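Residue numbers (our numbering): 6 to 728.
As structure tokens, the structure follows; a few thoughts come after it.
This is the structure:
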């Protein structure tokens, strides 16, 4: 084996020496081509004038000023075929990543990695609530004029280990482990006690919105191992995947205040429980010939959630009534999922290829059903959990035929069938959907290629578990409940089309265009109540142009539109929807108000860039990006007269707008062949017009807001050296 490696290196060196005349001036170039060893280090310093919320969101830079970091890249290969690689990025910042590996080519390999992923909330928070980040929050009894500025953020730190080993010529073992810690706080809130004197609250037991921050402190460990056996004729793989999640923040979030008896009128809020899952799978494939292949995969997963409940005595229920009647100390949650997948592909003739596949999934929810809550406010009804099992079957058949004149036609049919068991009988227990697909591709010339794809699907299902009351009252309103068909169970017709075009007018110019259209139409249960239709369009253009060997440019533009239309009706709990009653208050309670909405989202983006060399030592480049998102809320409410419980002017919502302008420029200077300096400049402007954040204030006085105009300047200097 060593002789073969030396022979290959000798041939490469000989070829390079023939391509470049033997001279000392080219000795370094030849060495670079035949020697993969690399050792590079870059030291970076960037100045941020203002760490605005939207710019900082994923950069991890939360303070103004200078921030330093380093990059490193080392690749070493020995004569015996042993590789060592070390790669580091953003070392010293919250986004840092470091990984290393050692590999004996064709025998074994081990690797280790570490990375951080921050997310800083894109909003500003000023709150009097104390204890953020802990599982016990304190709402003050008397609200101060101003709260404390808080920055909500989460940070993931992950460590990974990988290994693989060839046990024989055909047998390979693989192993990986990843442990990720996530810490911080996440924006949250709940209805509960308000503070007297704030936002009209007259007593400490008023039901108002309370600002909360969910504490994040978790560890997620993942193990994966497999044993793979492969020959030219077939392959087999047996594997295991394990997931272990631990929430170190506890199982509940408690809210207190220094009022009498330290009561807030709120029960503890549940946090994500500990859980673990184990997946076992067996995969294989067989080549009947070079044109026909068969694949199969069988798996079984056990997902378990058995974290202890909080003590029932901590749940705040008045009147001396018990909060729950179950004696269970944990959910005893267990879901066993069985997966089977098979596929067969074959090239029957030179022109015809076929594909067929089948997938089966049985999600068996073995969680015991218990009564956990008592709804004392509505007749003392028992509220049990609802274990739900689901069986899914998917099948696909597809044929591709190469037609004359450069055409290629693909036709296919997809079938999806789902059965729900043990679920609430308000919905369907069977759903089926079929989709026809047609794709036509054509090489119009040596420089033009295009394709068009169309599909039509239809979804329906079994009878509904309940029938909505069909008695109508004056005005055509439905009386009763469950007249809304949930989107995932509704009958639906879906049509989609896609057009792609790729054109190379010259060797220097490349153009691409794409257009996609999709439309959904839904059947409703009664009086068009529910989601009626959805529509989306996307048009995009891309262009790149190479001016010469030193300069190249690019530009792009895209516009997308999404629309959703739905009907509903506003009603209070227990409304008769007939306007009856002897008092004005009773008439308002028993009056239901139909309304309709058309929600539209329009997104546009345009950009351009350039990259080139001014000389042998200088290179420059830049990029400009503009994007604009507009949400329109077209809501119409039916006027049902003086008894309407809806206030005049309700439903009129302003548009929300989001704009981004970003300019990026760089210049690189080669001081020597091994040393370089790079200058970067970023100008980033964000504009927001969002009513949801402009004037919102929690009942406890907390303000969560966004700056409408955010401009960030970043200046960076990078010094790099290759050893």
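By construction, the Cβ of each residue, glycine as well, lies at the ideal position given by its N, Cα and C atoms.
Quick caveat, the model's predicted, so the values are computed rather than measured.
Residue 590 and residue 379 have their alpha carbons spaced roughly 29 Å apart. Residue pairing for residue 132: DSSP places it in a beta bridge opposite 153. The continuous alpha helix (DSSP H) containing residue 61 extends over residues 58–61.
When the alpha-carbon of residue 115 is set against those of 122, 426, 106, 123, the nearest one is in 106.
Beyond the five residues adjoining it in sequence on each side, residue 558 comes within less than 6 Å, by CB distance, of 550, 615 in the same chain, given in chain order.
Along the length of the segment 421–458, whole beta strand (DSSP E) runs at least 3 residues long occupy 435–448, reported in chain order.
For residue 319, the three-state secondary structure derived from DSSP is helix. Residue 523 has its alpha-carbon roughly 25 Å from the corresponding atom of residue 663.
In the three-state reduction of the DSSP assignment, residue 121 falls in the strand class, which pools E and B. In terms of Cβ geometry, residue 568 and residue 605 form a close pair [threshold 7 Å]. For residue 508, the enclosing beta strand (DSSP E) stretches over residues 497–508. It is roughly 22 Å from the alpha-carbon of residue 257 to the alpha-carbon of residue 308.
Residue pairing by DSSP places residue 216 opposite 194 in a beta bridge.
Residue ranges of uninterrupted beta strand (DSSP E) with 3 or more members, entirely inside the segment 336–422 and ordered along the chain, are 338–352, 357–370, 376–380, 386–389, 394–407. At the C-beta level, residue 61 and residue 122 stay beyond 7 Å of one another.
Between the segment 412–428 and the segment 437–450, the count of Cβ pairs shorter than 8 Å is three or higher; the stretches touch. Beta-bridge partners assigned by DSSP to residue 242: 233, 288.
The three-state reading of DSSP puts residue 605 in strand, counting E and B together. The Cβ atoms of residue 692 and residue 714 sit closer than 7 Å to each other. Here residue 109 has 86, 87 as same chain residues with Cβ atoms under 7 Å from its own Cβ, once five neighbours each way along the sequence are excluded. Secondary structure at residue 595: coil, using DSSP grouped into helix, strand and coil. Going by beta carbons, residue 489 and residue 535 fall inside the 7 Å limit. Judged by DSSP in its simplified three-state form, residue 546 adopts strand. Secondary structure note for residue 680: its beta strand (DSSP E) is the uninterrupted segment 680–694. Take residue 593, set aside five residues on each side of it, and the residues of its chain with a beta-carbon closer than 6 Å to its own are 648, 650, in chain order. Across the structure, residue 230 and residue 363 are spaced so that their CA atoms are roughly 26 Å apart. Less than 7 Å separates the beta-carbon of residue 75 from that of residue 96. Bridge partners of residue 526 according to DSSP: 498, 538. Only buried fits residue 260, as 16 or more other CB atoms lie within 10 angstroms of its CB. Taking a 10 Å sphere around the C-beta of residue 410, we find fewer than 16 other C-beta atoms and assign the residue as exposed. Residue state for residue 492 is assigned as helix, using DSSP reduced to three classes.
Closest in C-alpha terms to residue 680, from the list 565, 440, 728, comes 728. Cβ atoms of residue 537 and residue 618 stay farther apart than 8 Å, at about 57 Å. Cα atoms of residue 404 and residue 685: separation of roughly 51 Å, rounded to the nearest angstrom. The beta carbon of residue 59 sits closer than 7 Å to the beta carbons of 127, 691, 715 from its chain, once the five residues preceding and following it are set aside; these are given in chain order.
An exposed status is given to residue 70, since fewer than 16 other beta-carbon atoms sit within 10 Å of its beta-carbon.
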